[in-house]
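Numbering (our numbering), first residue to last: 5 to 159.
Printed below as a string of structure tokens:
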């Protein structure tokens, strides 16, 4: 069984309620929250802080773990595990563009109204882990080929 671990962070401006959105250029193109792969020997929290700095130029702190979203491949039981954080504490200037994609601030209402075809990875930016913070701890996505199904697990 192959397991990949990544982080994903919803950075929200506490005054405007806007969030940082990435328009991914590479793997799984579309809108999502920034984040990246956990490196060997690195804590998950430190990965989130490092990836956000590398991708967006922002320094983040006081991250709150929202829960875990993971994809399970029905064919080989491979897993892609995403540790989802949120924060309203950041500093620095947002980088508009890099090799990973474009970054911009978007109102949370506009994000929630975005057609899922525009979003990356089965619209996980709309996950109840972020928007119903504290109610759920885990979301499963089972996939096989082009088919996928969501299952929210309340823990």
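All C-beta atoms in this analysis are idealised placements derived from N, C-alpha and C, irrespective of residue type, glycine included.
Could you give the distance in angstroms between the alpha-carbon of residue i and the alpha-carbon of residue j?
| i | j | result |
| --- | --- | --- |
| residue 8 | residue 84 | 5 angstroms |
| residue 119 | residue 56 | 25 angstroms |
| residue 159 | residue 37 | Summary for residue 159: the model assigns pLDDT 49, below 50, so the residue's position carries little reliability, and this model does not support an answer. |
| residue 15 | residue 79 | 34 angstroms |
| residue 168 | residue 35 | Residue coverage of the chain in this structure runs from 5 to 159, which leaves residue 168 outside it and unanswerable. |
Using 8 angstroms as the threshold, is the C-beta distance between residue i and residue j below it?
| i | j | result |
| --- | --- | --- |
| residue 51 | residue 92 | no |
| residue 99 | residue 23 | no |
| residue 133 | residue 88 | yes |
Excluding the 5 residues flanking residue i on each side, which residues of the same chain have their C-beta closer than 7 angstroms to its C-beta?
| i | result |
| --- | --- |
| residue 81 | 5 |
| residue 160 | This structure leaves residue 160 out entirely; the chain is present only between 5 and 159. |
| residue 147 | 75, 77, 78 |
Residues bridged to residue i by DSSP?
| i | result |
| --- | --- |
| residue 108 | 25 |
| residue 36 | 26 |
Only counting the same chain, and skipping five residues up and downstream in sequence, which positions put a Cβ closer than 8 angstroms to that of residue i?
| i | result |
| --- | --- |
| residue 137 | 68, 70, 90 |
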